[in-house]
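S.K.: Dropping the structure in here first, questions after.
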Amino acid sequence: MKKVFLMLLLAFAGMSALTAQRTITGMITDDKGEALIGATILVEGTTTGTVTDLDGKFSLQVPEGNNTLLITYTGFASQEIALGAQTSLDIVLKTDVIGLEDVIVVGYAPQRRKDITGSVSSVSGSAIADVPALGVQTALNGRTSGVQVVSNSGTPGGGIDVRVRGSTSLNASNQPLYVIDGVPVISGNPSQLAVGNGNLNSLADINPADIESIEVLKDASTAAIYGSRGANGVVLITTKKGKAGKSSVGFNAQYGFQEAWKKVDVLGADYYYDTLLNEMAMNRYGVGIAALGIPKDEGDTNWQDEIFRQGALQDYNLTFEGGDLKTKFFASLTYSDQEGIVKKSGLTRYSGRLNLDHSLSDRISVGSNMSFTKTEIQRLQNDNNIYGAVSSSILLPPDIPVMRDDGSWGSNYGLENPVAAVTDYNNNVQSNRFIGNLYAKYNFSNALSFKASLGADILSFREDEFIPSTLVQGSGSNGIGNTAEQITTRWITEYTLTYQKRFGQSSLTALAGTGFQEDRGRTSSLSATGFPPGISTLGGGAVKTNATTGFNVNGLQSFFGNFNYSYADRYILGVTFRADGSSRFAENNKFGYFPGVSAAWRISGEDFMAGSQFFNDLKLRVSYGVTGNQNIGDFSSLELFTVTHYADEPGIGYNQLGNPNLKWETTSQLNAGLDFTIAKSRLSGSIDYYIKKTNDLLFNRPIPTTSGFTTYLENIGNMENKGVELSLTSFNFNRPNFSWSTTLNLSHNVNTVTKLYNGQPIDAGFATRIAEGEAIGSFYGWVVEGIFQNQQEVEDHAFQTSGTAPGDIKFKDVNGDGTINSDDRAFIGSAQPDFQGGLTNVFQFKGFELSAFLQFSYGNQIFNNNTVFAEGMNSVFNQTARVYDRWRQEGDQTDIPRAVWGDPNNNRRVSERFVEDGSYLRLKSATVAYNFPSDVISTIGLSKLRIYVAGQNLLTWTDYSWFDPEVNTFDGSNVSLATDFLTYPQARSIVFGLNVSF
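Start counting at 1 in the sequence shown, then tack on 1119, and there's your number in our numbering.
In structure tokens:
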């Protein structure tokens, strides 16, 4: 019994030793002596903590031993206090306006955020770390004000359009310049083989996991340092670098799935044939559909179910980083694989990166940033293409079976069997890409330095396509084979001299530099037909139908400079200048000159603001600058000839008219902004207003065909964008075990074409027209006044066609001449949103984390060309379930006309009927995560252990009737925007992740 008693006594003594604690009391004030209410006190490495009361006082039980307290309060610099034997503390926190001391990359040199005089938006790499996305542009979508991102298609590796403060060009590129670690990289669509209008995203080669931060230069004063490439804004991407200290190894794994978040509801076989087709035939000819020689087939197929799937997503990223005072390194290896939501589509990417920085001496430092990526993509026919799998899954009649009894594919009416399209069709893309930058820097003194850099972007790209004779498209040629290759190289050399010095309260930074960029590209393509069964290599084709090669080269010579002066951190002036000489322009206009000037006044630094308890920081900015656009063809100003043949005789033909006066598109921009931080740094934000004018727009003007040509490229117009942007960040709660922050950005842009050649409007295809006084992406067609209910209404209205009858659409006689024709067309909608933006909320509770990002767009419209075919009710195409609500008899209140074979009234003409509201609110991404406490994982040698679930495109609220409101079938078009026609939809994706470091 004594032994038992002794053991219990020892056990209780041990427990008492383990739980021995002491009480720490204290008070926390600001540097003015005022109590800070709700300041957080946390025992470092634990979840033990408390907050100050209404008097700024606290009391906290802490374990005995050597403990460190971490003191935090929004808007103030954090403090770490080693307790030692102390039991009573008086703590003073110093004001630290959030983010103002952060250093961000702007142009050729980093700047403190507090010194920025232009309009710059930032996205941190951590904000997109968990998002299951393979396109770096998606990081900007809804996260930065003034930036519109449209994922034109959901196909893996598909094209993405980015607009910074609206469109600036009709003919040249509207895409921003992307600069990765100082290298302006190749962007645009690298594909040569058309699969409808679907383009590829050349930036799918960039690994989002390597990104440290993204800065978007939106105004002309910050973008002017990039001159002729800065008119559409500049996106600066900085990748991760090593840090001095202990080396670490990190591993991030994601595995999940993606699927179509919505399918289009279409008719079943019985209703389609027995009711709808018979009604069409009866309304036109007074007989059933069988009398027209169209029998009912034997199937009942839901084609969408046959081709859509739940695709697997996986991504594995391994990183190594570390260094000392002389050498720092960061390396990564990544494998990503994405199965598309349509069978036989997908993307696989292998990438590696090595970033090195080394100090050879106190004066000399060298470094490199290098990445290599190999990407493989399986593509499908899609977008504006009746041979595509998605398009035929909607339009192919449901009574057709997947396969016939003889083993052949079920098909008819010239439409492709969608199952055959994803089974027999092959289109494989392989790309290899190297992006690198080497630099050497010499410090003459602490103030003066010289830097030389060599950058490269080398992209090789190959496509192989085979369309067998088992498919409709290849049946008439015994198979079609295509292959295309291209190699594009970009070399950039730059030399800069930088001077930085502080003189008392003055701070001066001056930079002068010169650079040269050369792009070279070689392309080749070969096509063949007439393939024996089972043979798909081009050598097996009996007839070689096409063999071409191409070569292009362009150069850019530049001189640039930048001057920034700050006095007392209150008065800031910036001046930028760049001169670019481009080989793309004619002799008369080789060089362009692009100045920028900006100024800022930190009002909060003035004596009259010293006593303000509300404003922590208040800065007024104004800037003006000029940028250019040289993104046209390499030889656009020259007379070109092409090698051709006639009657088997070779020769040379005139291919392009030259224009010796072709010059730059120039964009001038005035920007005024206000940055503020208030309420003890709980709320910060910025407001910007801008006027952006583009002159000398380049466009292919129609000319008389007697010239031997149809168009002539020249500078013919002007365009304007005006807008307001708002960005807000609030820290709603900040407690030891709970915090909540919110970020909102909102953009409003008005685009207007202000001048065209002789004021003449330009029809830009489908439903789009360009005209003075209208926005780019304006829809042009007939105005709808309703449905004719009876014959008397038909007779009382302006004449439409001889076949017009009750149940047809009543079009408005706009010009009042009594006849409905092309002169009655008007502007019927616009792709431009009234406003757009994003809202992010981040909640943290102990080790748990929840983040949710909502993206929204309001007021934009979509021309739904799908419904021209899938709700036209005039032929054998299957129809959507919306045709249940069509007009059948007098008194039916509907906007859907009657079903009639051949559509004698042309109800399917471009009209308001097919323009839909494209507004939407989307839960773009969300993450739920748990971070294990450091005191727990340190026992197993880990510095970080995080598990999470993340999703993208999780929920969408929209009135748009088709797959997705984020769409544009004319991928890459400057003028045909927000048009939907048989496009591969975006996916909803969910991944489970593990992030570990040691």
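The beta-carbon is built from N, C-alpha and C at its ideal position, and this holds for glycine as well.
Curious, which full-length beta strand (DSSP E) runs of at least 3 residues does the region 1141 to 1194 contain?
M.R.: Complete beta strand (DSSP E) runs here, min 3: 1159 to 1162, 1168 to 1170, 1176 to 1182 and 1187 to 1192.
S.K.: Using the C-alpha atoms, what's the distance from Gln1549 back to Gly1669?
M.R.: Cα to Cα, the separation comes out at about 19 Å.
S.K.: Are at least three pairs of beta-carbons, each pair with one atom in the region 1969 to 1985 and one in the region 2040 to 2053, less than 8 Å apart?
M.R.: They touch, by the three-pair rule.
S.K.: Measuring only between beta-carbons, confirm whether Ser1702 sits less than 8 Å from chain B.
M.R.: In summary, chain B is missing from the structure at hand, where a single protein chain is found.
S.K.: At which residues does the alpha helix (DSSP H) containing Thr1341 begin and terminate?
M.R.: Looking at the DSSP string, the run of the alpha helix (DSSP H) that includes Thr1341 is Ala1339 to Ala1342.
S.K.: Taking buried to mean at least 16 other C-beta atoms within 10 Å of its own C-beta, is Arg2007 buried or exposed?
M.R.: It counts as exposed.
S.K.: Relative to the alpha-carbon of Lys1782, which residue among Phe1704, Ala1719, Lys1381 and Arg1284 has its alpha-carbon at the smallest distance?
M.R.: Nearest of Phe1704, Ala1719, Lys1381 and Arg1284 to Lys1782, Cα basis: Phe1704.
S.K.: Looking only at its chain, what residues have a beta carbon closer than 7 Å to the beta carbon of Val1123, apart from the 5 residues adjacent to it on each side?
M.R.: Confidence is the limiting factor: at Val1123 the pLDDT is only 41, short of 50, which leaves the residue's position unreliable, though a coordinate-based value still follows. Around Val1123: no qualifying Cβ.
S.K.: Starting from the C-beta of Phe1131, find all residues in its chain whose C-beta is less than 7 Å away, skip the five residues before and the five after it, and write them out in chain order.
M.R.: Bear in mind that a pLDDT of 37 at Phe1131, under 50, signals an unreliable position, so the number given afterwards is only what the model happens to contain. If we look at Phe1131 and ignore the five residues flanking it on each side, it has no Cβ neighbours.
S.K.: Counting pairs of beta carbons, one from the region 1623 to 1630 and one from the region 1680 to 1688, are three or more of them closer than 8 Å?
M.R.: Yes: at least three Cβ pairs fall under 8 Å.
S.K.: Exposed or buried, what is Gly1152 when buried is set at 16 or more other beta-carbons lying within 10 Å of its beta-carbon?
M.R.: So Gly1152 counts as exposed.
S.K.: Under 6 Å Cβ to Cβ from Glu1584, same chain only, skipping five residues before and after it: list those, please.
M.R.: Excluding positions up to five away in sequence, the list reads Leu1312, Asn1546 and Asn1601.
S.K.: Residues in the same chain with beta-carbon distance under 6 Å from Ser1702, minus the five sequence neighbours each way, listed in chain order, please.
M.R.: Correct list, in chain order: Asn1673 and Gly1674.
S.K.: Which of the three DSSP states is assigned to Ala1291 in this structure?
M.R.: Ala1291: coil per DSSP, three-state reduction.
S.K.: Excluding the 5 residues preceding and the 5 following Ser1243 in the sequence, name in chain order all residues of the same chain whose CB lies nearer than 6 Å to its CB.
M.R.: If we look at Ser1243 and ignore the five residues flanking it on each side, its Cβ neighbours are Ser1332.
S.K.: Quick check on Glu1864: does DSSP put it in helix, strand or coil?
M.R.: The sequence as given places Asn at residue 1864; Glu does not occur at that position. Note: Asn1864 maps to strand in three-state DSSP.
S.K.: What residue range does the alpha helix (DSSP H) around Gln1592 cover?
M.R.: That run of the alpha helix (DSSP H) goes Val1591 to Ser1594.
S.K.: How about Asn1293 and Asn1351: do their beta carbons lie closer than 8 Å?
M.R.: Yes; because the gap between Cβ atoms is below 8 Å, this pair is in contact.
S.K.: Are Thr1187 and Ala1201 touching if we call contact CB-CB under 8 Å?
M.R.: A contact, by the Cβ cut-off of 8 Å.
S.K.: Buried or exposed: Ile1519, going by 16 or more other Cβ atoms within 10 Å of its Cβ?
M.R.: With 16 or more Cβ atoms within 10 Å of its Cβ, Ile1519 is classed as buried.
S.K.: I need the DSSP call for Ala2045, collapsed to helix, strand or coil.
M.R.: Reduced to three states, the DSSP call for Ala2045 is strand.
S.K.: Looking at Thr1274: is its Cβ nearer than 8 Å to the Cβ of Arg1498?
M.R.: Yes; because the gap between Cβ atoms is below 8 Å, this pair is in contact.
S.K.: Evaluate the contact criterion for the region 1954 to 1969 versus the region 1998 to 2014: three or more CB pairs, one atom per stretch, below 8 Å.
M.R.: Touching, no, given that fewer than three Cβ pairs across the two stretches are closer than 8 Å.
S.K.: Taking just the CA atoms, how far does Ala1698 sit from Ile1344?
M.R.: Going by the C-alpha atoms only, they are around 9 Å apart.
S.K.: With a CB to CB cut of under 7 Å and the five nearest residues on each side skipped, what residues in its chain are close to Arg1523?
M.R.: Hits under 7 Å: Gly1529.
S.K.: Can you say whether Pro2104 is buried or exposed, counting buried as having 16 or more other CB atoms within 10 angstroms of its CB?
M.R.: Buried, because 16 or more other Cβ atoms sit within 10 Å of the Cβ of Pro2104.
S.K.: At which residues does the alpha helix (DSSP H) containing Val1538 begin and terminate?
M.R.: Element bounds for Val1538: Pro1537 to Thr1542.
S.K.: Answer yes or no: do Thr1763 and Gly1752 have a C-beta to C-beta separation smaller than 8 Å?
M.R.: The answer is no: Cβ separation not under 8 Å.
S.K.: Between Leu1208 and Leu1155, is the Cβ-Cβ spacing less than 8 Å?
M.R.: No.
S.K.: Buried or exposed: Ser2095, going by 16 or more other Cβ atoms within 10 Å of its Cβ?
M.R.: Buried, since its Cβ has 16 or more Cβ neighbours within 10 Å.
S.K.: Beta carbon of Phe1795, beta carbon of Gly1804: below 8 Å?
M.R.: Contact flag set, yes.
S.K.: On the DSSP letters alone, give me the boundaries of the alpha helix (DSSP H) that Met1399 sits inside.
M.R.: Asn1397 to Tyr1404 is the extent of the alpha helix (DSSP H) around Met1399.
S.K.: In three-state terms, what does DSSP make of Tyr1532?
M.R.: If DSSP states are grouped into helix, strand and coil, Tyr1532 belongs with coil.
S.K.: Could you check whether the region 1900 to 1920 touches the region 1871 to 1879, counting it as contact only if at least three pairs of C-beta atoms, one from each stretch, sit closer than 8 Å?
M.R.: Touching, no.
S.K.: Classify Phe1857: buried if its beta carbon has 16 or more other beta carbons within 10 angstroms, exposed otherwise.
M.R.: Exposed is the call here.
S.K.: Looking only at its chain, what residues have a beta carbon closer than 6 Å to the beta carbon of Leu1567, apart from the 5 residues adjacent to it on each side?
M.R.: These residues qualify, in order along the chain: Tyr1618.
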